[in-house]
Every structure is written in structure tokens, then in C-alpha cells.
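Under the working numbering, think of the first position of the sequence shown as 66, with each following residue one higher.
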Amino acid sequence: MAVLYQQLDRWWPAGSIGFDDDCLSYKDRQYVTQRPNNNIHFYSLYRGSAMGGAFGATVGAKLSLPTRPVFLFTDDGCFRLFSGSLGEASELGLVIFLINNASFSIVEQGLPIILPEIEEKNYHACLKRLDYCAIARACGWEAEQLAPNLSNLSFLLDKATGKSMKSLLIDIPVDALQILGRNPRVTNL
66 MAVLYQQLDR WWPAGSIGFD DDCLSYKDRQ YVTQRPNNNI HFYSLYRGSA MGGAFGATVG
126 AKLSLPTRPV FLFTDDGCFR LFSGSLGEAS ELGLVIFLIN NASFSIVEQG LPIILPEIEE
186 KNYHACLKRL DYCAIARACG WEAEQLAPNL SNLSFLLDKA TGKSMKSLLI DIPVDALQIL
246 GRNPRVTNL
């Protein structure tokens, strides 16, 4: 993930806007890159734990200026909360980076600190693995899975900056227990 975030930070098209509502994105991406990027402005929608809320902001940003490149980082838990609306956004030219870790990772990483007396079997943090690319395609989107070695990243980024108005989902398989940056929300809970 660190290499992916570094490569994306060198790639962002000028004038882009990005949203994220996934802790593995907003904390890790910022930890890895350390500085804002002049080509993209990011908005992190984690306040109030409004899981999936960044999708609506992403759609709104694209509708307000259709020529602007708009990106969303979300995870499989958040995706499940808005995926019923994908069909209506299939022709907007959105790009979703789906962090697929089969987990509510904030729960998995936070509960041992917040409620250490709770047994791991009672976390209910695991998600059933689904084929998110198939879900997106069924809603009229283009969809691809990022190779673990990032060998198809250039191809996917070319697709993401193409002139197609077809929206694109990029499924990124991730280890739920990776920790690149410290999540300040865990300390505050």
C-alpha cells in the first residue's frame, strides 16, 4: 500500500478532487505522502463515522464540474452501504479505489485498545469476501482488480484518465491488519 500511495501521489492529474471515508486511506495515504499534493485536493469524511458518506460527496463534486477528475477511496464495508446507487453513477466518469480487506479494520485494530476485555471472536469485524468487480459491472461500471505486485497499475491509471464517461472501480486487495500510519481516532475513542 505504501508503494501504491507513493505512485498515486506522483500521478494525480492536475485539478483533481478526492474523497475518502476509509481509515486505511485517510490515515495511511497521508502518513505515506506526508505533504499535500498540488494536483489534488482531498476531503476525508470520517467525522461522525458516516461510513459510505464520501460516495455522495464524490457524485456531487462530479456533477458540479463534470470535466474535473474525481476519485474516491472507500473500503468494502463502506461500499456495501452505497453500492445500490452505483447504476445511477455509472456514466459519470468517477473512479473508485476500493480498499478490499474483508474487514471493518477500524474495529479490528481499535477494539483491543478500546475494549481489551472483549474476546476477538466477538468483534464481528470480518466481512464475507464478495466479487466487487462483478457487482460494479452489473451496475454498468468498468471494474478491474489491482494486481498485488502493482504490475497493472499503469494500465488502470491510463483507464482512469481516459475520456470515457464510464465510471471505473479499482479493487485493491489489502491485508486488514497492516498498519502504515497511526490512527488518531483509536486514541480518541
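Beta carbons are placed, not taken as given, at the ideal position from N, Cα and C, and that holds for glycine. These numbers come from a predicted model, not from an experiment.
Residue state for D140 is assigned as strand, using DSSP reduced to three classes.
C143 and G117 have their C-alpha atoms spaced approximately 4 Å apart. Judged by DSSP in its simplified three-state form, N187 adopts helix. Assigned with DSSP and collapsed to three states, E156 falls in coil, not helix or strand. Of the residues assessed, N165 falls on the buried side of the cut-off, its CB having 16 or more other CB atoms within 10 angstroms. Between K127 and L159, the beta carbon gap of about 6 Å places them in contact (Cβ cut-off 8 Å). Excluding sequence positions up to five before and after W76, its CB lies within less than 7 Å of the CB of L222, all in the same chain and listed in chain order.
Residue pairing by DSSP puts A208 in a beta bridge opposite L234. Nearest to F84 by alpha-carbon distance, out of A201, S232, L137, I200, is L137. With respect to L215, L73 sits apart: the two C-beta atoms are not nearer than 8 Å. In the displayed model, L221 falls within a helix according to three-state DSSP.
The beta carbons of R194 and A167 sit closer together than 8 Å. Shown here, V239 sits in coil according to DSSP, grouped into three states, outside any helix or strand. Across the set I178, P181, E185, L157, the C-alpha of L157 shows the shortest separation from the C-alpha of L234. As computed with DSSP, V135 is found in a beta bridge with I82. Within the model, the alpha-carbon separation for S232 versus L176 is close to 36 Å.
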